[in-house]
Ligand SMILES: [Zn+2]
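In my numbering, the protein residues as written are 51 to 577.
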């Protein structure tokens, strides 16, 4: 898609900002948009995205994105591209969007969007890093802020509305409802882009960042090749990224030259060994398969994926011929990774078609392919838990779950969902509590915790967890309603919460109250 910032260059027809009389904030002056002001615009957009039905928090795919995103951020920081102020003020958060089209975009305030279609289409983790590194660099180089500063005296609420309008217009209409509605941005969409210089800078900076983060620079050229091919096929509709990032021969030539000059390996030693690349490929093909299925491709496509997986299985050596030992020794070849991707897709597709026996037999064939690779094996283990959940099968005891991966959100949340479905809330609330203590802005974890407390007959805690989940998605007034409900419950039934819980709720109520007031005040100023 059009990087959402593009649109702010547009002077929409008849959209002279309300109250252009001088009560407007700093935006219009010659001064650069402050990081705080840009973040506020970003927060408005984020608030709307959280409410959009196509906003998707899939812990498995999000953890995969984070495994690319965090090294890129760290590299940008180490290279001095990420200024201290925006580092602290911006969100640096990626939204996953349930949309089959190939797109990634940067938003004001350090928010980013990634369509499922992008993950499904890129051929390697390096290609994914190439796209994300480029978008990240648009923000670190303050391109968005520069574009918005050029938006002479445009009210921030209007900028936010226009960007939301572009997001809505850019959606693949077949991908589901487009609840995001906004300003009159449609007309602006085709006209405006980051300047050519900005694109070149994002290419150059992004390339350095991705190399330093340990990714292979050829991800850029192979991504360009993919886009070029799509462009030749006139396939732009499915590749909105191509619309906002036209491939000029100059861009391609520069990327090729850059790659030839770069060291063949990433600066992180060892990352580029053949074995490592093979392992990354197995995980990537599985994650790409997951993205394809979560994009809801339709029943026919699901059947085709199951058929494809079965065909692969028939070409694999018999299970009995595979000892665990030989699996460990089997190299992560390209063929293996294609098999792993097809089988992962087959398991999930069969499960969605409610053919659980078929899913299970494919899962049994997938396990040996992923076993030698820690991250891939873990993804397959989670797939098994998901399959049981869909099939309504009682999960193993909490104790039998592998808890080994520290900080693994996908693991914590998938296991929690499974145990909650089996009415075993007592097994999960402690672990979720620990998790939210370390990740207080994890809305999904708070939501699961609310369910856990609810089913353990702890209504005050349940309401508080629900409140925190609203606050984490920037719905402060929704959060405040719930905090007040929790206070009311504590008053009406003494003993429903202990002293510590009670004082946490009082403190949080005051904090959220002041956020609500601040937001209302800001709304007035922004208009
Ligand atoms: Zn760009």
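For glycine and all other residues, C-beta sits at the position ideal for the given N, C-alpha and C.
Inter-residue spacing [alpha-carbon to alpha-carbon] between residue i and residue j
i	j	result
residue 551	residue 459	25 angstroms
residue 563	residue 274	49 angstroms
residue 464	residue 434	10 angstroms
residue 482	residue 197	42 angstroms
residue 168	residue 538	47 angstroms
residue 142	residue 116	11 angstroms
residue 566	residue 515	18 angstroms
residue 206	residue 91	6 angstroms
residue 531	residue 102	21 angstroms
residue 260	residue 266	7 angstroms
residue 289	residue 304	22 angstroms
residue 98	residue 490	20 angstroms
residue 250	residue 177	18 angstroms
residue 295	residue 104	23 angstroms
residue 280	residue 345	20 angstroms
residue 166	residue 559	37 angstroms
residue 573	residue 254	38 angstroms
residue 602	residue 211	With the chain represented from 51 up to 577, any question about residue 602 goes unanswered, as that position is not in the structure.
residue 237	residue 519	Low local confidence applies: a pLDDT of 34 at residue 237 is under 50, so the model's placement there is unreliable, and no value is given.
residue 299	residue 287	21 angstroms
residue 283	residue 297	14 angstroms
residue 106	residue 149	10 angstroms
residue 357	residue 443	25 angstroms
residue 553	residue 571	27 angstroms
residue 131	residue 557	38 angstroms
residue 361	residue 246	47 angstroms
Same chain, Cβ closer than 6 angstroms to residue i, neighbours up to 5 away in sequence not counted
i	result
residue 506	475
residue 363	415
residue 181	154
residue 441	406
residue 412	359, 393, 396, 397
residue 172	178
residue 462	485
residue 501	470
residue 339	391, 394, 395
residue 466	478, 482, 498
Close Cβ partners of residue i (< 8 angstroms) along its chain, the five nearest in sequence each way excluded
i	result
residue 252	184, 185, 187, 188, 191, 193, 244
residue 469	445, 448, 475, 477, 478
residue 112	144, 146, 459, 460
residue 343	352, 355, 395, 398, 399, 402
residue 337	110, 111, 114, 169, 429
residue 492	459, 485, 486, 522
residue 509	503, 539, 546
residue 128	262
Residue i CB to nearest heavy atom of ligand 2 below 8 angstroms
i	result
residue 252	Absence of ligand 2 is noted for the structure shown, with ligand 1 being the only ligands found.
Selection from the options that minimises the alpha carbon distance to residue i
i	options	result
residue 498	490, 509, 479, 508	479
residue 430	457, 391, 327	391
residue 134	95, 156, 86	86
residue 354	295, 425, 398	398
residue 264	561, 175, 572	175
residue 157	89, 104, 84	89
residue 523	495, 541, 292	495
residue 420	443, 299, 385	385
residue 388	534, 404, 365, 408	365
residue 199	150, 84, 257, 151	84
residue 277	258, 255, 301, 254	301
residue 292	432, 258, 151, 195	151
residue 257	139, 93, 310	310
residue 512	326, 555, 209	555
residue 94	139, 213, 348, 425	213
residue 306	549, 272, 350, 325	272
7 angstroms CB neighbourhood of residue i in its chain, flanking five on each side removed
i	result
residue 569	526
residue 334	174, 175
residue 179	118, 122, 260, 263, 265, 269
residue 139	85, 86, 89
residue 341	111, 166, 169, 170
Please list the segments of the alpha helix (DSSP H) lying wholly inside the segment 92-156, counting only runs of 4 or more residues, in order along the chain.
With a minimum length of 4 residues, the continuous alpha helix (DSSP H) runs that stay inside the segment 92-156 are 109-128, 134-139.
Inter-stretch contact at 8 angstroms, needing at least 3 Cβ pairs: the segment 122-139 / the segment 535-550:
Touching, no.
For the pair the segment 157-167 and the segment 296-316, tell me if three or more CB-CB distances fall below 8 angstroms.
no
Every unbroken alpha helix (DSSP H) inside the segment 478-520 [4 residues or more]
Fully enclosed alpha helix (DSSP H) runs of 4 or longer: 493-505.
Could I get the ranges of all uninterrupted alpha helix (DSSP H) runs contained in the segment 261-332, with 4 residues as the minimum, in chain order?
268-282, 290-294, 299-311
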